[in-house]
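Working notes, beginning with the structure itself.
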Amino acid sequence: MSEHITEIVVFTVLFLLVSGMGFVAARWRAPKDMAHLDEWGLGGRSFGGWITWFLIGGDLYTAYTFVAVPALIFGAGAAGFFAVPYTIVIYPMFFLVLIRLWSVSHRHGFVTPADFVRTRFDSPTLALLVAVTGIVATMPYIALQLVGIEAVLKTMGVTGDSPLARHAPIILAFAILAAYTYQSGLRAPALIAFVKDTLIYIVIIVAILYLPYKLGGWGSIFDAADAKFQASPSPNDGIILNANNQLQYITLALGSAFALFLYPHSITGVLASKNRNVIKRNMSALPAYSLLLGLIALLGYMAISAGVKPLPGAKEGTVDSNTVVPLLFDQQFPAWFAGIAFAAIGIGALVPAAIMSIAAANLFTRNIYKEYLRKDATPAQEASVAKITSLVVKIGAVAFIIFLDPQFSIDLQLIGGVIILQTAPAVAIGLYTRWLHRGGLVAGWIAGMSMGLWMLYQVPNAATGRAHFGGSAFPLSKFGFDTPKTIYVGFVAVAVNLLVVVIATLILRAIKTPEGIDGTEPDDFFADEGDPRLEKARTSPDAIASST
Amino acid sequence: MSTPRSDRSPWNWLLLVPIVVPLLTPLYNFDSPRLFGFPAFYWIQFSFILLGVATTSIVYQMTRRPPDAVPVSLSAAPATSPTAPASEAPSTPPTPSEAPSTSKTASGSETPSGSKPSSGSEASDE
Numbered sequence: 027m028s029e030h031i032t033e034i035v036v037f038t039v040l041f042l043l044v045s046g047m048g049f050v051a052a053r054w055r056a057p058k059d060m061a062h063l064d065e066w067g068l069g070g071r072s073f074g075g076w077i078t079w080f081l082i083g084g085d086l087y088t089a090y091t092f093v094a095v096p097a098l099i100f101g102a103g104a105a106g107f108f109a110v111p112y113t114i115v116i117y118p119m120f121f122l123v124l125i126r127l128w129s130v131s132h133r134h135g136f137v138t139p140a141d142f143v144r145t146r147f148d149s150p151t152l153a154l155l156v157a158v159t160g161i162v163a164t165m166p167y168i169a170l171q172l173v174g175i176e177a178v179l180k181t182m183g184v185t186g187d188s189p190l191a192r193h194a195p196i197i198l199a200f201a202i203l204a205a206y207t208y209q210s211g212l213r214a215p216a217l218i219a220f221v222k223d224t225l226i227y228i229v230i231i232v233a234i235l236y237l238p239y240k241l242g243g244w245g246s247i248f249d250a251a252d253a254k255f256q257a258s259p260s261p262n263d264g265i266i267l268n269a270n271n272q273l274q275y276i277t278l279a280l281g282s283a284f285a286l287f288l289y290p291h292s293i294t295g296v297l298a299s300k301n302r303n304v305i306k307r308n309m310s311a312l313p314a315y316s317l318l319l320g321l322i323a324l325l326g327y328m329a330i331s332a333g334v335k336p337l338p339g340a341k342e343g344t345v346d347s348n349t350v351v352p353l354l355f356d357q358q359f360p361a362w363f364a365g366i367a368f369a370a371i372g373i374g375a376l377v378p379a380a381i382m383s384i385a386a387a388n389l390f391t392r393n394i395y396k397e398y399l400r401k402d403a404t405p406a407q408e409a410s411v412a413k414i415t416s417l418v419v420k421i422g423a424v425a426f427i428i429f430l431d432p433q434f435s436i437d438l439q440l441i442g443g444v445i446i447l448q449t450a451p452a453v454a455i456g457l458y459t460r461w462l463h464r465g466g467l468v469a470g471w472i473a474g475m476s477m478g479l480w481m482l483y484q485v486p487n488a489a490t491g492r493a494h495f496g497g498s499a500f501p502l503s504k505f506g507f508d509t510p511k512t513i514y515v516g517f518v519a520v521a522v523n524l525l526v527v528v529i530a531t532l533i534l535r536a537i538k539t540p541e542g543i544d545g546t547e548p549d550d551f552f553a554d555e556g557d558p559r560l561e562k563a564r565t566s567p568d569a570i571a572s573s574t
Numbered sequence: 769m770s771t772p773r774s775d776r777s778p779w780n781w782l783l784l785v786p787i788v789v790p791l792l793t794p795l796y797n798f799d800s801p802r803l804f805g806f807p808a809f810y811w812i813q814f815s816f817i818l819l820g821v822a823t824t825s826i827v828y829q830m831t832r833r834p835p836d837a838v839p840v841s842l843s844a845a846p847a848t849s850p851t852a853p854a855s856e857a858p859s860t861p862p863t864p865s866e867a868p869s870t871s872k873t874a875s876g877s878e879t880p881s882g883s884k885p886s887s888g889s890e891a892s893d894e
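Here you go:
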């Protein structure tokens, strides 16, 4: 531990600095009255271009980016690079689809995607399913952020051996995070995102200029990786794809992109922006983060070239590949710079973790508490319930990490991706058409969910010897095809979901089952800032905000 | 008043390009030619990022609403409002929360409005 003292000091100082910012954020762009869900949960729906860029960037590119993607590249090579096409295809989709969700939400004061589903399809049941799916999918995603912090702490040697000592620093970090999220709501991650992203850009620019120079150039980095994969017995690694994993690569990139824009935290980030043009402009500016992500991914190859050996995992005989990037920085850079890099990862985990817990809290408050427990809740009650829920969600995420093997954080998140995809017909297609029947959507959700979970159960993981839930690459041979190819589980599950939705809709329409009343109008999907028809509920208490 | 009938535009079809092209693995699943030591698999996919930026930028520029459909005001400083054309003021009384907070320039340039923690960018000059 003593040889890491400089790193620990730098990390701690930066961590405390942003924690302070998190508390101060409550007064940043402050409304007269924070006791409204629009303020706590959506930052007053007032963020302009720059804040939105930092917020969504800090939201979508998480500690998962820093730790798990390079770890995947380190272990499997090109297959891990799916993160790049994934984050390219997402922005045109946001541009086309989420902009409509922003408009209809702005017009009706929706805070969550389930709010939209509730009004569009006149079905509290469907809204409940969407909300529960969102909450359940978000939990492992928050846990994944903890894994990012944990990888750093482990490298600095500040984690003990007993289960409690191993997790004590994380519990402390999350307690601080929980406190300032409780107080400041979405303003806290929005403000911290400035620091987080600045640190990350600095760290990565330095790393990609300095490390190739030190390791003999990009050519020899890729050659070293190639040599490692040639020597390994696994058939599916290598610095380019082979005939069997291309379908997986494509469907995983596309499926992950669909999933990302259905995740409650992405939608929260988008709904917090103040008008349509802010969102559209950001779809051109956010790919800067994709470039960053691609370069970060390649740190995995640099770790191979530098001969990094990952630290042992939680169980005997396993390795924690999430530690390769922290170890790379620890070995190749002076201690003070490694400390900055570690802080960037640690803070990088805080921003999305805060937004995700806020998004989950919004879902619970709007679609469970207000819908089922207390229909006449005032905006102030909504805000206070959401604040408490955000605490509960964080405790749940910590429990995930303490009681589950964190080694497969990326697969945990992929399972979350599979289930959140099942809300696509209601949320995404619902933005375009009301033709789908609410009963059909419920049936499709059940079918897609069952299919997805069954397929995930069937996937073994050779690396750990687990027979079930070993990943999201489903072997097509299990469907009876004579091929070693694999496909992304979520892709198949959502296809089944859609098929059932369409068939059930045709049946329900044929027997004239009531379809409910659509609470939206076609015009709502193009509404912009300044729309005079905003509902009363939307006019928040900061109506005449003070600039002091 | 500021709601157009639709956001349909033939330019939107251009957005299919950055959705489809990055998913066509036969286009880039090669080691050579290398560029600055990067195998083709990597530098070609990096170049798709530029493709994505270019297409979304073009579509944004081509589908922007004419200025009279956009609530116009100014960038950062709310106190100096002489540039806001009076004709842009909504004819219906705006809801209080909306009127002061519009801080987008019509030029569509990336404005730093509201990004500075110091200047409470919520205008108070009703």
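These protein sequence lines are chains L and Y, in that order. So the first sequence is residues 27 to 574, counted in this note's numbering. So the second sequence is residues 769 to 894, counted in this note's numbering. From the three backbone atoms N, C-alpha and C, an ideal C-beta is built for every residue, glycine too.
Would you mind reading off the limits of the beta strand (DSSP E) that contains residue i?
i: Thr-512(L); result: 512-514
How would you write the range of the alpha helix (DSSP H) that residue i sits in, first residue to last?
i: Phe-248(L); result: 244-257
i: Ala-499(L); result: Run containing Ala-499(L): none in the alpha helix (DSSP H); it sits in the beta strand (DSSP E), 499-501.
i: Asp-85(L); result: 75-86
i: Gly-422(L); result: 405-429
i: Trp-66(L); result: 63-68
i: Val-115(L); result: 109-119
For residue i and chain L, any beta-carbon pair shorter than 8 angstroms?
i: Pro-801(Y); result: no
i: Ser-825(Y); result: yes
i: Glu-866(Y); result: Low per-residue confidence applies at Glu-866(Y): pLDDT is 38, beneath 50, and the placement is therefore not dependable, though the value from the model is reported in the following sentence. Yes, contact with chain L.
i: Leu-795(Y); result: no
i: Pro-790(Y); result: yes
i: Ser-849(Y); result: For Ser-849(Y), the predicted model reports a pLDDT of 38, less than 50, meaning its position is unreliable; a value from the coordinates is still stated below. Not an interface residue.
i: Ile-787(Y); result: yes
i: Pro-778(Y); result: no
i: Ile-817(Y); result: yes
Using 8 angstroms as the limit for Cβ to Cβ distance, is residue i near chain Y?
i: Met-477(L); result: no
i: Pro-352(L); result: no
i: Ser-45(L); result: no
i: Ala-563(L); result: Per-residue confidence for Ala-563(L) stands at a pLDDT of 43, beneath the threshold of 50, marking its modelled position as unreliable; the derived number appears in the next sentence. No, Ala-563(L) lies away from the interface with chain Y (no Cβ there is under 8 angstroms from its Cβ).
i: Met-119(L); result: yes
i: Ile-234(L); result: no
i: Leu-525(L); result: no
i: Phe-248(L); result: yes
i: Arg-460(L); result: no
In the structure shown, what three-state DSSP assignment does residue i receive?
i: Leu-803(Y); result: strand
i: Pro-862(Y); result: Caution applies to Pro-862(Y), whose pLDDT of 40 falls short of 50 and renders its modelled position unreliable; the model cannot decide the point.
i: Val-345(L); result: strand
i: Pro-338(L); result: strand
i: Gly-103(L); result: strand
i: Ser-299(L); result: strand
i: Phe-200(L); result: helix
i: Phe-359(L); result: coil
i: Gly-264(L); result: strand
i: Met-182(L); result: coil
i: Phe-798(Y); result: coil
i: Phe-505(L); result: helix
i: Trp-461(L); result: coil
i: Asn-780(Y); result: helix
i: Asn-308(L); result: helix
i: Thr-793(Y); result: helix
Going by beta-carbon coordinates alone, are residue i and residue j separated by less than 8 angstroms?
i: His-134(L); j: Thr-151(L); result: no
i: Ser-292(L); j: Leu-86(L); result: yes
i: Val-634(L); j: Leu-280(L); result: The structure shown does not extend to residue 634(L), since chain L spans only 27 to 574, so no value can be given for it.
i: Trp-461(L); j: Ile-305(L); result: no
i: Arg-464(L); j: Gly-542(L); result: yes
i: Phe-37(L); j: Ala-369(L); result: yes
i: Ile-34(L); j: Met-165(L); result: no
i: Gly-211(L); j: Trp-79(L); result: no
i: Ala-808(Y); j: Ser-800(Y); result: yes
At least 3 beta-carbon pairs within less than 8 angstroms: the region 234-249 of chain L vs the region 787-798 of chain Y
no
So, do the region 74-83 of chain L and the region 216-228 of chain L have three or more beta carbon pairs nearer to each other than 8 angstroms?
yes
Inter-stretch contact (C-beta, 8 angstroms, three-pair minimum) for the region 389-397 of chain L and the region 410-420 of chain L:
yes
Looking at C-beta atoms only, is the number of pairs between the region 94-111 of chain L and the region 348-365 of chain L that lie closer than 8 angstroms three or more?
Short answer: they touch.
Contact the region 506-524 of chain L vs the region 538-554 of chain L: 3+ CB pairs below 8 angstroms
No, because fewer than three Cβ pairs between the region 506-524 of chain L and the region 538-554 of chain L fall closer than 8 angstroms, the two stretches do not touch.
Could you say if the region 285-304 of chain L and the region 155-169 of chain L meet the contact criterion of at least three C-beta pairs nearer than 8 angstroms?
yes
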